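Asker: So that we are looking at the same thing, I have put the structure below in structure tokens.
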Amino acid sequence: LTNLVHNKYPQLLEGVKGISEETTTGVHNLYKMFREGLLKVPAINVNDSVTKSKFDNLYGCRESLLDGIKRATDIMIAGKVCVVGGYGDVGKGCAQAFKGFGGRVIVTEIDPINALQAAMEGFQVTTMEEASETGQIFVTTTGNIDIITKEHFLRMKDDAIVCNIGHFDCEVDVAWLENNAKKVNIKQHVDRYELDNGNHIIVLAAGRLVNLGCATGHSSFVMSNSFTNQVLAQIELWTKH
């Protein structure tokens with residue numbers, strides 16, 4: 001929305017008091033716009049408030065991830081090799097969720113500090129290239145792009161389940177599957193792709209946020225934490241700017 005107003009409807013900015021941004025990806029975009037001199041109105045980073053990122057991102061995802069996966073697949077987590085792409089606050093919650101259900105958790109992480117944290121929590125840490133050969137359930141949590149791509153799909157076991165809880169539909173390269181695999185819709189938000197090598201990939205929520213596409217998102221309490229920060233930010237923008 002921020003980009004849309006700035007790029008397509010700049011005339012609307014005259015009436016905008018400011019922006020309060022609650023998502024990690026959105027905040028990264030705001031910092032980028034600010035550095036490049038493109039941000040035309042005041043903005044408050046709500047995402048990095050402790051009562052948002054340390055609760056919504058971690059505890060919210062810890063509960064809503066498996067809610068989405070369970071509703072979509074009815075799969076048993078115990079004993080499965082579960083790969084978590086990224087070990088930020090969202091990844092930490094997802095890894096805890098899989099571990100709590102008896103999953104054998106592997107973490108992929110490019111930040112050395114986060115990777116060390118994962119290792120200290122007892123998780124195996126490796127690359128997505130290696131993890132893709134053994135994983136049975138994959139979730140991306142990074143807020144980045146191209147976390148799971150063609151090379152990973154081709155290494156995966158038959159009927160590996162792939163989903164995303166980090167950022168829109170660009171973490172998992174669903175576009176490649178659409179163009180290079182035979183798609184069968186199993187049910188709403190559950191698609192099975194047949195690769196040329198004979199294996200199948202099950203994608204949840206078309207690579208979009210699995211906890212929203214296949215379930216109903218976070219619990220109300222943890223969302224109230226986040227939205228309280230939003231209200232405080234909006235009051236600040238309205239009264240001070």
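Using UniProt numbering, you'd call the opening residue of the sequence shown number 1 and step up by one each time.
By construction, the Cβ of each residue, glycine as well, lies at the ideal position given by its N, Cα and C atoms.
In this text, all values refer to a predicted model and were calculated from it rather than measured experimentally.
Measuring alpha carbon to alpha carbon, tell me which residue in Ile165, Gln230 and His189 is nearest Leu58.
Answerer: Among Ile165, Gln230 and His189, the Cα nearest to that of Leu58 is on Ile165.
Asker: Since I believe Leu204 is in contact with Ala78 (beta carbons under 8 Å), could you give me their beta-carbon distance rounded to a whole number of angstroms?
Answerer: Not a contact, Cβ separation roughly 19 Å.
Asker: Excluding the 5 residues preceding and the 5 following Met33 in the sequence, name in chain order all residues of the same chain whose CB lies nearer than 7 Å to its CB.
Answerer: Same-chain partners within the cutoff: Leu39.
Asker: Who are the near neighbours of Gly217 in its chain, counting only those whose CB is closer than 7 Å to its CB and skipping five residues on each side?
Answerer: Same-chain partners within the cutoff: Ser64 and Asn211.
Asker: Can you tell me which of the three DSSP states Ser20 falls into?
Answerer: The answer is strand: DSSP assigns Ser20 an E or B state.
Asker: Can you tell which of Thr134, Ser132, Cys163 and Glu151 has its C-alpha closest to the C-alpha of Asp67?
Answerer: When only C-alpha atoms are compared, the closest one is Cys163.
Asker: In this structure, how does DSSP classify Asp89 when only helix, strand and coil are distinguished?
Answerer: Reduced to three states, the DSSP call for Asp89 is helix.
Asker: For Asn180, I'd like the list of residues in its chain whose CB is within less than 8 Å of its CB, leaving aside the five on either flank, ordered along the chain.
Answerer: Contacts found: Lys150, Leu195 and Asp196.
Asker: Taking Thr228 as the reference, which of Ala206, Thr141 and Glu21 has the closest Cα?
Answerer: Comparing Cα positions, the closest option is Glu21.
Asker: What number of angstroms, rounded off, separates the C-alpha of Val27 from the C-alpha of Arg155?
Answerer: Those two C-alpha atoms are separated by around 34 Å.
Asker: Which residues share a DSSP beta bridge with Thr108?
Answerer: Paired residues: Gly85 and Thr126.
Asker: Take Asp111 as the anchor and find which of Ala206, Gly86, Gln11 and Phe168 has the nearest alpha-carbon.
Answerer: Selected option, being the one with the closest Cα: Gly86.
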